[in-house]
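In the numbering used here, the protein residues as written are 66 to 579. Backbone N, C-alpha and C define an ideal beta-carbon position, used for all residues, glycine too. Because the structure is a prediction, the values reported are computed rather than measured.
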Ligand code: F6P
């Protein structure tokens, strides 16, 4: 089936987006897909129905539907760790494994969240990293208009400056520290947890969220303030579990349930919609087309929403830790390129930093724009400017500005023909640069839950087509082991077999500390 996609690529390469729109007046309508207010415009991708049909053939050949059924049925699709992948069960979007009390655990941590909201705790400091940080930190910022509980803070980096700067000015008496770690062994989190315990000095309160209940007990956190989850919840898929505790404290139990309901709505859509109408499948296919057929290695994810500032970082972990793989589930070399580099910053700021390269650089960088049509509390005039800018960027990328237009414009302003010819190459925009626009009514707990689940399922579909295991992350292990071996070297307590560069750098760090 890849051959059909490659044939389509050869057909599409010479056709400009401008021509694709010119040839089909119904293109925008045909290539825009909806689930209620959630709208995904895929018409500015450099593809057409023929391409989409070939990609749908690829999805069928990869048995995406069968793989999806096995995922929802709780089969151990994470083959290298012999685990099911059932984060959907945390939000009512799938059945949990028998015996795992998902509902009871949810009720318990939401009851604790309500309790914390009602008794003079002014600040909550969440200590965690990766999935135990990015999810709740991103969601807390995204839903800031919904936060009516204690102030929320997030400490992740093992750099002591992060904790020190965060607790500066906080009162330990009225602070709750949550240690969030699936394993309760992560070096960064344990170092920060010990330092935070010291800072509290027996005042305030500590709670823990983990699958390692023994580890929490050993650390000294009483069982009534320990909230568990299960090994079938991957770290980067865990914001729906008790890892969401700081969010629940901030927005309250009822709104946290709305957040879960939004994700469950996407689960139902993904489980039931035909491939050709499924938003996660269509987004995944656009990504496969960009990456494998067009050969574009990165994606810029640009939310036109200041409160989604951390969304690119969140999706970086979700996507790159899931699909940054070089072998298939069977351990063979993957025959195609896999997960792209995801990067991004909110618009309009990004326009004034790196968009120059997106418009006129030598690489094509596909862009995913994300926006809510209605602001929560910002003034409507600002929001109109924000939306105008987002639409303008999509237009400029797709349709560019041809040399003839530059000439006419300069001539109308009275420029000499020599000056016009000198500047035309600089002022021309090539266009033909793709983007997808994801729009919804308003950023609230429900729509945010639905948006995150959309990306989760997109990642699943791409992993299914590439044939990789999207649910392990062995690639982060080596660095952890090497860091532990370097600790005695940096302390001056031991020798290690080091390469010349690392040995010299370790020595130089020592010299510079004297
Ligand atoms: O290093 C990667 C990772 O294992 C992520 O997958 C995970 O989200 C993060 O570390 C934190 O792990 P834990 O929640 O066990 O502290």
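Query                                                                                                                        : Result
Local Cβ density within 10 Å of residue 188, reported as buried at 16 or more and exposed below that                         : buried
Extent of the continuous alpha helix (DSSP H) run through residue 253                                                        : 252-265
One or two residues paired with residue 368 in a DSSP bridge                                                                 : 435
Assigned secondary structure, residue 394 (DSSP; H/G/I helix, E/B strand, else coil)                                         : coil
Three-state secondary structure (DSSP) of residue 145                                                                        : coil
Cβ contact (3+ pairs, closer than 8 Å) linking the region 486-506 and the region 129-138                                     : no
For residue 425, the nearest candidate out of 333, 394, 466, 433 (CA to CA)                                                  : 466
Residue 92 to residue 204 span [Cα, whole Å]                                                                                 : 34 Å
Closer than 7 Å: residue 105 CB and nearest the ligand F6P heavy atom                                                        : no
Beta bridge counterpart(s) of residue 363 as assigned by DSSP                                                                : 406
Span separating the alpha-carbon of residue 109 from that of residue 463                                                     : 6 Å
Stretch-stretch touch, CB-based, cutoff 8 Å, three pairs: the region 185-201 with the region 348-362                         : no
Residue span of the alpha helix (DSSP H) that contains residue 474, given as start and end                                   : 468-477
Residue 337 versus residue 128: straight-line alpha-carbon distance, rounded                                                 : 15 Å
For residue 533, three-class secondary structure by DSSP                                                                     : coil
Cβ neighbour criterion (16 or more within 10 Å) applied to residue 574                                                       : exposed
Anticipated Cβ contact below 8 Å, residue 507 with residue 403, distance rounded                                             : That belief does not hold up - the Cβ atoms of residue 507 and residue 403 are roughly 35 Å apart, past 8 Å.
Whole-number beta carbon distance between residue 316 and residue 423, since they are thought to touch under 8 Å             : Contact flag wrong, Cβ pair sits at about 35 Å.
Cα-Cα separation between residue 409 and residue 378, rounded to whole angstroms                                             : 8 Å
Through-space distance from residue 340 to residue 118, alpha-carbon basis                                                   : 11 Å
Close-in-space but distant-in-sequence residues of the same chain around residue 523 (CB under 6 Å, 5 per side omitted)      : 345, 348, 349
Pick from 244, 206, 194 that is closest to residue 222, judged by C-alpha positions                                          : 194
Neighbourhood of residue 554 by C-beta distance below 6 Å, restricted to the same chain and skipping five residues each side : 561, 571
Counted within 10 angstroms of its Cβ, other Cβ atoms place residue 76 as buried (16 or more) or exposed                     : exposed
Cβ neighbour criterion (16 or more within 10 Å) applied to residue 258                                                       : buried
Check: residue 197 C-beta below 7 Å from any heavy atom of the ligand F6P                                                    : yes
Residues near residue 393 in its chain [Cβ-Cβ closer than 7 Å; skip 5 each side]                                             : 399, 532, 533
Continuous beta strand (DSSP E) stretch holding residue 500: start and end                                                   : 500-507
Where residue 218 falls, given that 16 or more other Cβ within 10 Å makes a residue buried                                   : buried
Delimiting residues of the alpha helix (DSSP H) encompassing residue 337                                                     : 318-337
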